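Positions 1 to 934 (UniProt numbering) are the ones given, in order, by the sequence shown.
Comments concern the structure below.
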Amino acid sequence: MNLVRELEKDLRIANVICMNGRRHLTSSLNEVSRDLIVNSYSKKKQALMDMLPVLTELERASDMQSTLESLVEEGDYWKAFQVLSEFLQLLDSLSELSAMQEMSRGVEVWLGRTLQKLDALLLDVCQEFKEDDYMTVIDAYALIGDTTGLAEKIQSFFMQEVISETHSVLKVIVHEDEEGLAQNSRLTYSDLCLQIPDSKFRQCLLRTLAVLFDLMCSYHEIMDFQLEREDSPAQTSDKCNEDISCSLDVAGEVNSDVTACNDSMSSSGDVIQGSSSTKAPSTISSLTETTGSPYSNSHDPVNEVSNGENSASSIDSPWYHLRKEATTFVSQTLQRGRKNLWHLTASRVSVLLSSAAACSTSIHQFLKNYEDLSVFILTGEAFCGIEVVEFRQKLKVVCENYFIAFHRQNVHALKMVLEKETWLKLPPDTVQIISFAGLIGDGAPLISLSSSKSMKANEIHSNNKSVNMVHTGTNKSGFSHWIKNGNPFLPKLSTSKEGHGTPQPNGSSYGEFDGGSANNYHGDRVSPRNDSSQLNGANSVSEDENEDLLADFIDEDSQLPSRSSKPHLSRFHSSQGNDEESTTQTGSSLCLLRSMDKYARLMQKLELVNVEFFKGICQLFEIFFYLIYETFGQQNTNSSGKSSVNSLNYRLRTALSRINQDCEEWLRPHSSSPTSLSSSFVHAELTPTNPPNMNFGQPSGTGFSLKERCVAVDTISVVARILNRSKAHLQSMLLQSNSTVLEDFFVHLVDAVPDLIEHVHHTTVRLLLHINGYVERVANCKWEVKELGMEHNGYVDLLLGEFKHFKTRLAHGGIRKETQDILLDYGLEIIAETLVEGLSRVKRCNDEGRALMSLDLQVLINGLKHFASLNVKSKLQMVETFIKAYYLPETEYVHWARAHPEYSKSQVVGLINLVASMKGWKRKTRLEILEKIE
């Protein structure tokens, strides 16, 4: 039983123990279950806690992305690039996240779009310089470390602007209507230049020069920009230093990530967009290398960027030095590249000047264009710091082409006037109001400079002036005064649209004439009147200005300045005081002098080609010279039987030969109809003359009376005197290297005028003194007589009768007494030449016959003394000398022939043959003497 009880007890104890164990197990199970639940929640919490920083970074990245967009919209590019630096590092640190990968793909697109906007801002700066916008661009590119690309891009933009602006200017002006603009939108710049009408060329030129000047100003302002040194008490923080630090490791990672997205960028045809897109990968890499990660512990990038902005004003901060280095580098690069910009600019203007309209405008408009181009040359030389030789040469070619057309018109005009010339003097009232001050040297040029800001004429047009070179990196202020004075072409552009007068068919304007124009200036003194007052006619004229400018109107027929009030003496008449020069003028001589006066004025204005205009003066005078010779000096045979060409002296023959060489194209006959010659003269002006009486090139001139012949001689004498007075002035305008041209002209042409006058007078006397058959009469007289009688030969009385009639014709010819005496003098010379020629042809003569010759001569001298008050005997001395040579010994004839060059070779040979025949010389002796004489 005890065992049973012990077993029962043990079982109870065991039950209690089991129950307690069960209770403990249940408790433990509950505790473990609770622990497991806590553990699972703890893991979930840890996972969530681990995700929190990532989500925070994602939120920060999203905020930074929005910040980037807002900063770009506000134009704070350099702040945006600073935020971009941290944004790139943030993307790189969480590159395994799909959201970050999506942002990485979009950052390159954003950067390309941002660079496009930045380049658009840069383009605006290139078009019109603004310091704030320029500093924004500088800061942005300095921050991304691409100042080299910025400098190259600025130069590229300026090149593009030169091309596009000049093209658009012509496209808008040439095709003002929208239909024409649409149809010709694809025309090249050269094609547009060929389509410029004459009426719009000046507007095209001024507009082109204006836009090019603005671009050069903007370029120069960028090149000349210097960062101001402003001391600031702000201390440079460690964060600013961190802004400029480099993070090459991060840069490598970001560069690899962004490069992977390079293929996703779409290229654009636009210049700015394309350049920005291709720069995006390298820009991101350089941006990361330059700026590092300045805001890795920041959560408000915009506020923290302001710290760098404050520190940038301190000259000790790294940011200031970075900005300073960027501006200096860009300035140096632009300074080296400014010559390339000028060459492109000059080439565009050169293409424009190749237009046919450049040479078909009126002289007034061409001079204005030349002035504007000269100003443009000066601005170009000040801009690029060198003498622009190529463009000066191009301008010279343009002037030469214009001169060719201008000279052709004036030559045809002069020839037309000469064709209708009747060689009658113009009324004194008409001549007295004409001034040749431009030719003499005290005249005003054709037009005035456009404004008081313009340079002096000699400074603008001097081709040999010394250029103040702008040395690289030292002196760049030569262009500054041009910028300060403003665009010199814009005021002229506004006035050119208003017009300068009623247009004429030949392209000129009322108010334009040889003596000057409505807006003239005197000498090198610049007129203080502005353009508007000149156009409105309200300009105040100084007392010493050209009196022609005070004319009340311009006569449409004669193109001469006229007054409706009381007449006054012209400057020409009052200054010279020469009645002969002011009255001895014909229509052709007046046309010639006015043309030469105009050429002389153009020599002052167009110094690049003044030698060409002087050669034009020479050719005009040569044509006038040759016509007078051809009209009044040519005769098939003279009274002595010699041709007129052989009777010319050496200087006159040389002058005519020179004229034939220089003016061959103008003197040879042309087949053009009168209509073609007189259709429309763009440059020349015709001076009306009397009704036509002759054709150009009439050889004999027998259709003119004695009075007309003398007027022609007096006219060319007056022209020669005026030219001689103008020699010093012309020489002062020509360069030293061209002085030979002037001397040749005066030595060979002007100095030959007295010879031409003498030749014309001789020709006139031969026409009026009818003694052509007297050479044969004298030669056929019987000179071999047995004894000397008291009677002279009959030809003597006939000669005296002809000379009496000759004097009567002179007395009733309406010419001056001085001219009558000159012609009488030439008549005596011709009689002497006729007698010598006749006596040299005598075949048989003895001593008595020689004495008869002396008797005839003495009777002739005594008879001529009744008609001529001159020393008749001295004029006929050559006849007496020739008669007495019959008595010389045979050894003296060689010396005698050399001592008397007034006798021709045929006359000396005739004398020797006669003496040898009559005195029985040996044939050998005669031939030896003739050989020595020859």
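By construction, the Cβ of each residue, glycine as well, lies at the ideal position given by its N, Cα and C atoms.
If you're wondering where the values come from, they're calculated on a predicted model, not measured in any experiment.
May I ask which residues mark the beginning and end of the alpha helix (DSSP H) holding M1?
Careful: M1 lies outside any alpha helix (DSSP H) and carries neither H nor E.
Three or more C-beta pairs under 8 Å: does that hold for the stretch 773-784 against the stretch 813-826?
No, the stretch 773-784 is not in contact with the stretch 813-826.
Determine the DSSP secondary structure at D224, reduced to helix, strand or coil.
Note: D224 maps to coil in three-state DSSP.
Return the chain-ordered ranges of every beta strand (DSSP E) run that is complete within the stretch 55-124 and spans a minimum of 3 residues.
none
Can you tell me the Cβ-Cβ gap for T764 and L706, rounded? I've got them flagged as a contact below 8 Å.
7 Å
For R594, name the three-state secondary structure that DSSP assigns.
helix
According to DSSP, is L648 part of a helix, a strand, or is it coil?
Of the three classes helix, strand and coil, the one that applies to L648 here is coil, per DSSP.
If you pair each beta-carbon of the stretch 729-746 with each one of the stretch 799-816, do three or more pairs fall below 8 Å?
no
Do the stretch 869-881 and the stretch 829-841 meet, that is, are 3 or more Cβ pairs less than 8 Å apart?
yes
CB-CB length for T208 against V169, believed under 8 Å
5 Å
Since K394 and S435 are thought to touch, with beta carbons under 8 Å apart, how far apart are those beta carbons, to the nearest angstrom?
Actually they are not in contact, since the Cβ atoms of K394 and S435 sit about 35 Å apart, beyond 8 Å.
May I ask which residues mark the beginning and end of the alpha helix (DSSP H) holding P318?
In this chain, the alpha helix (DSSP H) harbouring P318 covers P318 to L353.
Can you tell me whether A14 is buried or exposed? The criterion is at least 16 other CB atoms within 10 Å of its CB, across all chains shown.
exposed
Taking DSSP as the reference, what is the three-state secondary structure of A868?
coil
So L723 packs on V760, CB below 8 Å; how close in whole Å?
Rounded, the Cβ-Cβ distance is 18 Å, inconsistent with contact.
Can you look up Q585 in the DSSP assignment and give me helix, strand or coil?
coil
Among F383, L352 and P318, whose alpha-carbon lies nearest the alpha-carbon of W342?
F383
Reference I659; option with closest CA among F624, R601, L48 and A899
It is F624.
Check I377 in the structure and name its three-state DSSP category.
helix
Taking its Cβ as the centre, do 16 or more other Cβ atoms sit within 10 Å of S558, making it buried, or is it exposed?
Its pLDDT being 41, under 50, S558 is placed unreliably by the model, and nothing is read from it.
Taking E802 as the reference, which of L352, L36 and L768 has the closest Cα?
L768
Which listed residue (G337, W482, E400 and T586) has its alpha carbon closest to that of T422:
T586
Could you check the C-alpha separation between L439 and V611 for me, to the nearest Å?
Going by C-alpha positions, L439 is about 14 Å away from V611.
Contact under 7 Å by Cβ, T715 with I771
no
Below 7 Å between beta carbons: does that hold for residue 935 and C126?
Residue 935 cannot be examined here, being either before or after the span of the chain that is shown, 1 to 934.
Please name the residue, chosen from G849, S732 and S737, that lies closest to E784 on a Cα-to-Cα basis.
Nearest of G849, S732 and S737 to E784, Cα basis: G849.
When DSSP labels each residue in this structure, what does M790 get in the three-state scheme?
DSSP places M790 outside both helix and strand once states are collapsed to three, so it counts as coil.
For N793, collect the residues of the same chain with a Cβ closer than 6 Å to its Cβ; drop the 5 residues on either side in sequence, then sort them by chain order.
C781 and D856
Mapping the DSSP letters down to three states, classify V526 as helix, strand or coil.
Because the pLDDT of V526 is 33, which lies under 50, any placement of that residue in the model is unreliable, and the number read from its coordinates should be weighed accordingly. DSSP places V526 in coil when its eight states are reduced to three.
Span of the alpha helix (DSSP H) around D744:
S739 to H748
Using the Cβ count rule (16 or more neighbours within 10 Å means buried), how would you classify L7?
exposed
Excluding the five sequence neighbours on either side, which residues of its own chain have a C-beta within less than 8 Å of the C-beta of C399, listed in chain order?
Y370, L606, L608, V609 and E612
From I163 to R594, what does the alpha carbon distance come to, in whole angstroms?
44 Å
Using the Cβ count rule (16 or more neighbours within 10 Å means buried), how would you classify P488?
Flag for P488 reads buried.
How about V894 and K932: do their beta carbons lie closer than 7 Å?
yes
May I ask you to report which of helix, strand or coil DSSP gives S360?
coil
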